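A.B. asks: Heads up: the sequence shown is residues 1 to 128, going by our numbering.
In this text, a Cβ means the ideal position worked out from N, Cα and C, and glycines have one as well.
In this text, all values refer to a predicted model and were calculated from it rather than measured experimentally.
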Amino acid sequence: MRREAQPIEAIEVPDLLARVGERKAAGDRLIAISCAVVEGVNEITYSFEDRDHAFTNLRITVPPGATIPSTTPVYWGAFVYENEIHDLYGLTVTGINVDYGGHFYMTKVPFPFAAPTPAAAPAKEEKE
Numbered sequence: 001m002r003r004e005a006q007p008i009e010a011i012e013v014p015d016l017l018a019r020v021g022e023r024k025a026a027g028d029r030l031i032a033i034s035c036a037v038v039e040g041v042n043e044i045t046y047s048f049e050d051r052d053h054a055f056t057n058l059r060i061t062v063p064p065g066a067t068i069p070s071t072t073p074v075y076w077g078a079f080v081y082e083n084e085i086h087d088l089y090g091l092t093v094t095g096i097n098v099d100y101g102g103h104f105y106m107t108k109v110p111f112p113f114a115a116p117t118p119a120a121a122p123a124k125e126e127k128e
């Protein structure tokens, strides 16, 4: 089985909507939006598939509690991913077309996957 390249292009948050719009104009499908905490920051990856079934990815990196623009003006169905990112990671998504207001997932712990903020991070104990 041949494994195809799936490039990840790092972009800046202000460029997100324009770049997502380019993917839409090229006829790409939005496959997924995922978030992961890596070394204390949130990596949000937008995955697309073109007409030849090739995958490409755009990635933004934001600090805990950041605000990001919604991609729902471009891909209407992105509201599912964006509500999930809000509820699980504590990021604010502005301009979302269907906003569950923090009630998409009902969790016992607010933002269970969120990176700890510097104020919330446990203090390191000094060894004597």
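Grab me the residues of PHE113's own chain with a C-beta within less than 8 Å of its C-beta, minus the 5 sequence neighbours each way, in chain order.
C.D. replies: Taking the sequence shown and counting its residues from 1, the one referred to as residue 113 is at position 113. The residues are CYS35, VAL37, LEU88, TYR89.
A.B. asks: According to DSSP, simplified to helix, strand and coil, what is VAL13?
C.D. replies: By 1-based counting over the sequence shown, the position of residue 13 is 13. Correct three-state label for VAL13: helix.
A.B. asks: Determine, using beta carbons only, whether PRO9 and ARG59 come nearer to each other than 8 Å.
C.D. replies: For the purposes of this step, residue 9 is identified with residue 9 of the sequence shown, where counting begins at 1. For the purposes of this step, residue 59 is identified with residue 59 of the sequence shown, where counting begins at 1. Checking the sequence shown, residue 9 turns out to be Glu, not Pro. Yes.
A.B. asks: Roughly how many angstroms separate the alpha carbons of PRO69 and ARG3, rounded to a whole number?
C.D. replies: Working through the sequence shown from its first residue, we reach residue 69 at position 69. Working through the sequence shown from its first residue, we reach residue 3 at position 3. For PRO69 and ARG3, the distance between alpha carbons rounds to 33 Å.
A.B. asks: Using C-beta distances below 6 Å, list every residue in its chain close to TYR100, excluding the 5 sequence neighbours before and after it, in chain order.
C.D. replies: Taking the sequence shown and counting its residues from 1, one reaches residue 100 at position 100. For TYR100, where only same-chain residues beyond five positions count, the Cβ hits under 6 Å are ASN83.
A.B. asks: Determine the closest residue to PRO116 out of PRO63, SER47, VAL13, with distance taken between C-alpha atoms.
C.D. replies: By one-based count along the sequence shown, residue 116 stands at place 116. Among PRO63, SER47, VAL13, the Cα nearest to that of PRO116 belongs to PRO63.
A.B. asks: What are the boundary residues of the beta strand (DSSP E) that ASN57 is part of?
C.D. replies: The residue you call residue 57 lines up with position 57 of the sequence shown. 55 to 62 is the extent of the beta strand (DSSP E) around ASN57.
A.B. asks: So ASN42 is in the alpha helix (DSSP H); what residue range does that whole segment cover?
C.D. replies: One-based indexing of the sequence shown puts residue 42 at position 42. No alpha helix (DSSP H) contains ASN42, which is instead part of the beta strand (DSSP E) from 41 to 49.
A.B. asks: Can you tell me where the alpha helix (DSSP H) holding LEU190 begins and where it ends?
C.D. replies: Look at the range of the chain in this structure, 1 to 128, and you will see that residue 190 is not part of it.
A.B. asks: By the three-class DSSP mapping on this structure, what secondary structure does VAL98 have?
C.D. replies: Here residue 98 corresponds to residue number 98 of the sequence shown, with the count starting at 1. The answer is coil: DSSP assigns VAL98 none of H, G, I, E or B.
A.B. asks: Where does the unbroken beta strand (DSSP E) through THR67 begin, and where does it stop?
C.D. replies: Within the sequence shown, residue 67 is the residue found at index 67, counting from 1. Run containing THR67: 67 to 69, per the beta strand (DSSP E) assignment.
A.B. asks: Decide if VAL93 is buried, meaning its Cβ has at least 16 other Cβ atoms within 10 Å, or exposed.
C.D. replies: Translated into the one-based positions of the sequence shown, residue 93 becomes position 93. By the neighbour-count rule (16 or more Cβ atoms within 10 Å), VAL93 is buried.
A.B. asks: So what does DSSP say about VAL93, is it helix, strand or coil?
C.D. replies: As a first step, residue 93 must be located in the sequence shown, where it is residue number 93. In the structure shown, VAL93 sits in a strand (DSSP, three-state: E or B).
A.B. asks: Within the same chain, show all residues whose beta-carbon is closer than 8 Å to that of ILE31, passing over the 5 residues directly before and after it, in chain order.
C.D. replies: By one-based count along the sequence shown, residue 31 stands at place 31. Here the set comprises SER47, PHE48, GLU49, PHE55.
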